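Enquirer:
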Amino acid sequence: MLAFGLVLLLFFYFLLVGSAALRQLHARREATQDLLMSPTVGAIFTVVPLFVLNRMFSIPVAHGGPVVAILALAISIFIYWRGRRPTTSAVSATDVPDSPEGVARLAASGAAIPAATAGNWKRDLIGYLPFLLILLAGALSVGRPMLDNGFDWLSFSNDDMANYALAGDRLLRHGFEELPPLESLTEGTEYAQSYWYYHVPMMARSGAEMMLAWVCSLTGLSSHQAFMPLIVCFHIMMAGAATAMIYTSPDRRRAALCACVLSVASAQLAFGTIYQLIAQDIGLAVLCVNASILIRDFTGLARGTLLRHGILLGVTATGQMLIYPEVNPFLGVSFFLYLAYLALRSRKNLKPLLLMLAIGVVVALIVLNSYTYNVLAFMVGQKEQGARSDDPALTLFPFFLIPSGFANFWGLVQITSMPPEPGFSITIAVGALLLLLSAVAAIWLTWRSGEPAAALALVSIVLAVYLFRYNSGFGLYKLAMFAQAFILPTIALAWTLLLGKFDVKPKVRLTVYQLLVAAVLVLGLLLPNLPEGKTIAWVAGIGIAALAGLYAIRRVPSLVWLILILAIPNLRLQGFYVLYSRDEGGGTFNEVLGATRGKVLREFVRELDQAQAAGYVNKDTRILCDSYNISLTKLLSAYTAGRVTSFPASRLTAHTMIPNAPPEAARTKYKTQARSLFEPTIARSQEAHFEFDPAHPGGDYSAKFFLYEQGGRSADPTRPPDDPNTLLVAGTRQISMLNRRHFGDGDGSFVMRPITQVQNHLLFVDSNMSEPYYKPGDPSFISLYQLERDPAFYVTSTMAGVGRYFLFEVINPEQEVRLFLDLTMSFKGDYQNKLPKAFAVGTERQPFATVGRGACRLVSPPIKPQRVRGRSYVGIDLGEFGTKFSVERTGFMKLYGMNVGLDRRLLVGFGRDISLLGEAEYRAFNPPSTIYIWGSPESQLRHPDVEFSGLCEDGWMSEHSYVILGQKLGETRLVVRGFVADLGNPAFTTTPTLLVDGVPVPLMGTVGEKPYSGSVGVANFNLYADVPATSANRRKVELKWSAYQQLLGLDSRKASAKIQVLGFQTPAAAATEAPATGK
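The opening position of the sequence shown corresponds to residue 68 in my numbering, with each subsequent residue numbered one higher.
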């Protein structure tokens, strides 16, 4: 609750500061418009002085932030207090009109208006109240996870959020251009300092992270705790600013209310917030405010009013340069469209507008000073990135390069989902029609009255065509969120004006409404969830919707129906995104799965404190964290500031030690400073090689990687790589796919141990043949992706997509070790699901004993790690490169974009665990005698000591599989129970062959009600073989089948039979156990 309270506190602070600034500077036309813009203006009037103090005077935000807040509040209160006092005026208070239109006309005449009557604040607040309630409801809709999770809500834990948080930490503690101490990078004592490269030589924008640092300076929260309350506040500020663009007079009130509802309901705008694009949220709000301030009529205003308005524009434009300069072209082109409107349609005097603009430009240049160059250089770089053409097959952002983008844009269908037909194709068609109508509305309103929202919408649509033409997936992905803030107000205004312009006869209007109501109910509630082939239900749904329209349309205002048409499906979809952000539902957007539910950062801090209390950590202790997830690594690094820390498994190390060189456009001074940092760090980075084919070193299977002397780690082969006084922070199965064999379910997210107490621990190594998932371009060598939930079998556990090669550094290995591989191909969807020929690699290549299809859990033969510069390394080669998922496209999805990859990942399969075992650990395996599957998602096939290959998790097996089981004295009967399913061929038969330790044994039993005669048809089977016990505690039970079928529907696995019970039992137990039950 406190977190959501912070959202409200920030919003009302910005509202107060912004409304005071507008009261003094804005040539007001409508009081409610000012109040809608006020929170964004308040944020601008906060970040600009913060920037001046931090950059020009090198005052950390921790010191300057509270001063700015106190002064802003004091000045705002003084402005309102002063406004209550009667003032001398050329116009008597009794002569001031009561209506806002009259006040606006009087202000436009240049006359001075008594401060006490310049706006009746009670009347203004009453007019603003409905909008305020809508905005607060929007904050609750998007930010409701804060009610349960408080400041621990990390949403999708996006890498962008981690970057903004670390960059904010740097500004909180340091001046803008303050050069980082070299030790902070080489010793890893403050990873946030590496963001100096981004802010200074790379000239990246910094306004959003400065605002984040400001909130931290006032509240004492960490940057991650403050992040979500701040961005939710920005979200509703953006909705209000977008609404303000069309609220220029009271007769547009209904349109503005509609626009406000549509903006807070927008699934795309909410997705941008939940996906933690904080600069985009506040940047769009600032763009909308600047459009409202700049694109308007200034005819008849006195020079003093123009001067004040020009100062206001200069400050808000400065805010746009600091926060989100990428949108400058949108504002510029829209302004020229407005000039064209004035020249061709209005014939109004341009001098007041140009004078005000000139004043604004001068003010902005004075405040920005030399930083103006940084803004221009950054915009050039962003233009190249945003308009960059993607390889359609490998793009990270395919969503709007394919027909479903039309449905995604309007919130009719969730991004990444493909609902059944015919609903999917209809939503695509409706989305395309709505976009076409939006383009017509934007052209009409721009031509009719030079509307700022319409001009911005028109620019967005034209740019979208350009980006689509050049396959810019990233540009379209960003633009789809940008454009919502312009198109939704444009639609609301066009709808209102059209209804008032045309005297539509009741019968015609009724027919139109019937269709619209049908679209609401069918598209928003029925079609996206319609089961495939349910055409009767689809037709019935349209009929019900039409009848509902006949009854209801005479009683509901037209704007309400527009809101329902667009808002219902968007709110529904927004709810899914919010659900995913709190680690619920089936979404796959989370970069750190379980970060919110498991309170990962809170646990990390608590575990560090407990390690210190236990004596594991002192002032000289070095910390080694094994996280390979780049987002999680950055999140954790914020809490290790001041400690010597290394993250050798993460690309954060490379970003710190071998940063990108400054661009050519960077100033010579900054290039020199950057060189003084990265030359020493690069010198501490040494190239090394691991041989995936040790018999032929130096060839195509030689992996290049770097050893980093960072955070106390050594690359000197004569010294141990880690100091004995090092604490290993190991991620458990909650956050890592590695080393799961060593940690139980009850270990939380982290286990912290002195490194001297750790053995055979794997650290992922980033090499040219084993890359982390967060990498653009060709994904062929990406080793493993972020965790995701098992959607079908072990639904309480997680897995990760895997590629071909893995390279690991081993902490404290034994002389000989074994690699433990838990892999599944059951989700591959390639109609084969065949297990790869995998190899464990040390000084030799040793094969894993993979057979069949489905899943496996295997232990490699013994291997010796390769020694490279005093460190030990092992690898895994899965024997084949990954392939893409086969996704069948139907209906309108076939119209275009067939070459666009829907999932860029090239996966060999999905990993459940990769660990390293010592010989004693392996000998201690104690598998059960019998495994029971019975269709249970928690079947005994999950037993960690059961080695197997060729079985699917639910018991289906194809032509070859085996399981290694225990056999106790007296358990002489080997039981095989299951069934062969009718998969469209009732005459199907297959012949099983049973082997124990490689030796065939005869089978007996029943198939259905008949004795077993050598083959099994479509029926239950209860088979057994008598196998004497031996001194071996593990027996390899192998099954081969002569034929297989293919499962039906989307489940394309090949299957001979489904096993329900397999294992050794006493003859008495086998005789009394229930027989197999099939389907």
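Glycine included, each C-beta is placed from N, C-alpha and C at the ideal position.
From a predicted model like this one, the values you see are computed outputs, not experimental measurements.
Hey, quick one: how far does the beta strand (DSSP E) through Val1068 stretch, first residue to last?
Expert: Taking the sequence shown and counting its residues from 1, one reaches residue 1068 at position 1001. Following the DSSP letters along the chain, one finds Val1068 inside the beta strand (DSSP E) bounded by residues Val1066 to Val1068.
Enquirer: Hey, would you say Ile341 sits closer than 9 Å to Leu203, going by beta carbons?
Expert: The residue given as residue 341 occupies position 274 in the sequence shown. The residue given as residue 203 occupies position 136 in the sequence shown. Not in contact: Ile341 and Leu203 (Cβ atoms no closer than 9 Å).
Enquirer: In chain order, what residues of the same chain lie with their CB nearer than 6 Å to the CB of Thr161, ignoring the 5 residues before and after it?
Expert: Taking the first residue of the sequence shown as position 1, residue 161 is located at position 94. With a pLDDT of 38 at Thr161, under the threshold of 50, the modelled position of this residue cannot be trusted, and the question is left open.
Enquirer: Got a sec, what are the start and stop residues for the beta strand (DSSP E) Arg924 sits in?
Expert: For the purposes of this step, residue 924 is taken as residue 857 along the sequence shown, with counting starting at 1. Here the beta strand (DSSP E) through Arg924 covers Ala922 to Val926.
Enquirer: If Val918 and Phe875 are in contact, beta carbons under 8 Å, what's the gap, nearest whole angstrom?
Expert: Within the sequence shown, numbered from 1, the residue matching residue 918 stands at position 851. Within the sequence shown, numbered from 1, the residue matching residue 875 stands at position 808. Contact doesn't hold; Cβ gap of about 25 Å is too wide.
Enquirer: Where does Gly1130 land, buried or exposed, given buried means 16+ other C-beta within 10 angstroms?
Expert: Residue mapping note: residue 1130 aligns to position 1063 of the sequence shown, counting from 1. Result: buried.
Enquirer: By DSSP's criteria, Ser982 is part of a beta bridge. Which residues make up the other side?
Expert: Counting from 1 along the sequence shown, the entry for residue 982 is found at position 915. Looking at the DSSP assignment, Ser982 forms a beta bridge with Phe887.
Enquirer: Count the C-beta pairs between the region 991 to 999 and the region 1054 to 1068 that are closer than 8 Å, then say yes if the count reaches three, no if not.
Expert: no
Enquirer: Kindly identify the DSSP beta-bridge partner or partners of Gly976.
Expert: Stepping through the sequence shown from its first residue, residue 976 is reached at position 909. DSSP output for Gly976 lists Val869 as bridge partner(s).
Enquirer: Hey, could you find the ends of the alpha helix (DSSP H) Gly72 is sitting in?
Expert: Translated into positions along the sequence shown, residue 72 becomes position 5. Leu69 to Leu92 is the extent of the alpha helix (DSSP H) around Gly72.
Enquirer: Kindly give me the distance between the Cβ atoms of Asp226 and Ser698, rounded to whole angstroms, as I take these residues to be in contact under 8 Å.
Expert: For the purposes of this step, residue 226 is taken as the residue at position 159 of the sequence shown. For the purposes of this step, residue 698 is taken as the residue at position 631 of the sequence shown. Sure, about 5 Å apart at Cβ, within 8 Å.
Enquirer: Nearest to Arg971 by CA position, among Leu140, Met724 and Gly844, is which residue?
Expert: The count along the sequence shown starts at 1 and reaches residue 971 at position 904. The candidate whose alpha carbon is nearest that of Arg971 is Gly844.
Enquirer: In whole angstroms, what is the alpha-carbon distance linking Leu246 and Thr707?
Expert: Stepping through the sequence shown from its first residue, residue 246 is reached at position 179. Stepping through the sequence shown from its first residue, residue 707 is reached at position 640. Cα to Cα, the separation comes out at about 20 Å.
Enquirer: To the nearest angstrom, report how far apart Leu890 and Ala1092 are at their CA atoms.
Expert: Start at 1 with the first residue of the sequence shown, and residue 890 comes out as number 823. Start at 1 with the first residue of the sequence shown, and residue 1092 comes out as number 1025. Rounded to whole angstroms, Leu890 to Ala1092 spans 30 Å at the Cα level.
Enquirer: My output table needs one value for Pro1011: the three-state DSSP class, helix, strand or coil.
Expert: For this step, residue 1011 is matched to residue 944 along the sequence shown. Of the three classes helix, strand and coil, the one that applies to Pro1011 here is coil, per DSSP.
Enquirer: Leaving out five residues on either side along the sequence, give the residues of the same chain with a beta carbon under 6 Å from the beta carbon of Ile345.
Expert: As a first step, residue 345 is located in the sequence shown; it is residue number 278 there, counting from the start. Closer than 6 Å at the Cβ level, and outside the excluded window around Ile345, lie Tyr231, Ala275 and Ile298.
Enquirer: Bridge partners for Asn1089 per DSSP, in chain order?
Expert: On the sequence shown, residue 1089 is found 1022 positions in, with the first residue counted as 1. Asn1089 is bridged to Arg1044 and Thr1073.
Enquirer: Give the secondary structure of Cys15 by DSSP, where H, G and I count as helix, E and B as strand, and everything else as coil.
Expert: In the structure as shown, the chain begins at 68 and stops at 1146. Residue 15 is therefore absent and cannot be evaluated.
Enquirer: Would you kindly report the start and end of the unbroken beta strand (DSSP E) that includes Ile943?
Expert: Position 876 of the sequence shown, counted from the first residue, corresponds to residue 943. Note, Ile943: beta strand (DSSP E), Arg938 to Asp944.
Enquirer: Measure the C-alpha to C-alpha separation of Ile609 and Gly490 and round it to an integer number of angstroms.
Expert: The residue given as residue 609 occupies position 542 in the sequence shown. The residue given as residue 490 occupies position 423 in the sequence shown. Reliability fails at Ile609, whose pLDDT of 49 lies under 50, so the model's placement of it is uncertain and the value that follows must be treated cautiously. If I take the Cα positions, the gap works out to 12 Å.
Enquirer: Is Asp1021 closer than 9 Å to Lys1162 when the C-beta atoms are compared?
Expert: Look at the range of the chain in this structure, 68 to 1146, and you will see that residue 1162 is not part of it.
Enquirer: Based on the DSSP secondary-structure assignment, which residues constitute the bridge partners of Pro8?
Expert: With the chain covering only 68 through 1146, there is no way to say anything about residue 8.
Enquirer: How should Asn216 be labelled, buried or exposed, when 16 other C-beta atoms within 10 angstroms of its C-beta is the threshold for buried?
Expert: Residue mapping note: residue 216 aligns to position 149 of the sequence shown, counting from 1. So Asn216 ends up on the buried side.
Enquirer: Keeping to the same chain, check which residues put their C-beta closer than 6 Å to that of Asp650; ignore five residues upstream and five downstream.
Expert: Mapped onto the sequence shown, residue 650 falls at position 583. Within the same chain, Asp650 has close Cβ partners Gly661, Thr663 and Arg664.
Enquirer: Does Leu774 come out as helix, strand or coil in the three-state DSSP assignment?
Expert: On the sequence shown, residue 774 is found 707 positions in, with the first residue counted as 1. Residue state, collapsed to three classes: strand.
Enquirer: Roughly how many whole angstroms lie between the Cα atoms of Ile137 and Lys771?
Expert: The residue given as residue 137 occupies position 70 in the sequence shown. The residue given as residue 771 occupies position 704 in the sequence shown. Rounded to the nearest angstrom, the two C-alpha atoms are 54 Å apart.
Enquirer: Within 8 Å, do at least three Cβ pairs link the region 891 to 898 to the region 913 to 933?
Expert: yes
Enquirer: Under the DSSP definition of a beta bridge, which residues are partnered with Tyr999?
Expert: As a first step, residue 999 must be located in the sequence shown, where it is residue number 932. Answer is Val1128, bridged to Tyr999.
Enquirer: Which residues in the same chain have their Cβ closer than 6 Å to the Cβ of Lys574, if we skip the five residues on either side of it in sequence?
Expert: In the sequence shown, residue 574 corresponds to position 507, counting from 1. Since pLDDT at Lys574 reaches only 42, below the 50 mark, its modelled position is unreliable, and no value is offered.
Enquirer: Give a yes or no on whether the C-beta atoms belonging to Leu140 and Val84 are separated by under 9 Å.
Expert: For this step, residue 140 is matched to residue 73 along the sequence shown. For this step, residue 84 is matched to residue 17 along the sequence shown. It is a contact, given that the beta carbons lie within the stated cut-off.
Enquirer: Would you call the CB atoms of Leu361 and Phe294 closer than 9 Å?
Expert: Here residue 361 is taken as the residue at index 294 of the sequence shown, counted from 1. Here residue 294 is taken as the residue at index 227 of the sequence shown, counted from 1. No; because the gap between Cβ atoms is not below 9 Å, this pair is not in contact.
Enquirer: For the region 635 to 704, list the beta strand (DSSP E) runs that are entirely contained and at least 3 residues long, ordered along the chain.
Expert: 689 to 692
Enquirer: Need the endpoints of the beta strand (DSSP E) that Ser850 sits in, please.
Expert: In the sequence shown, residue 850 corresponds to position 783, counting from 1. Run containing Ser850: Ile849 to Arg856, per the beta strand (DSSP E) assignment.
Enquirer: Helix, strand or coil: which one does DSSP assign to Tyr768?
Expert: Your numbering for residue 768 matches position 701 in the sequence shown. Three-state result, Tyr768: coil.
Enquirer: Let me make sure I understand the geometry here. Which of Pro487, Leu560, Val400 and Ile630 has the alpha-carbon closest to that of Leu530?
Expert: Locating residue 530 in the sequence shown gives position 463, where the first residue counts as 1. It is Val400 whose Cα lies nearest to the Cα of Leu530.
Enquirer: Quick one: what's got a C-beta closer than 7 Å to Asp980's C-beta in the same chain, skipping five residues either side?
Expert: Taking the sequence shown and counting its residues from 1, one reaches residue 980 at position 913. Met804, Arg807, Arg808, Phe887 and Asp889.
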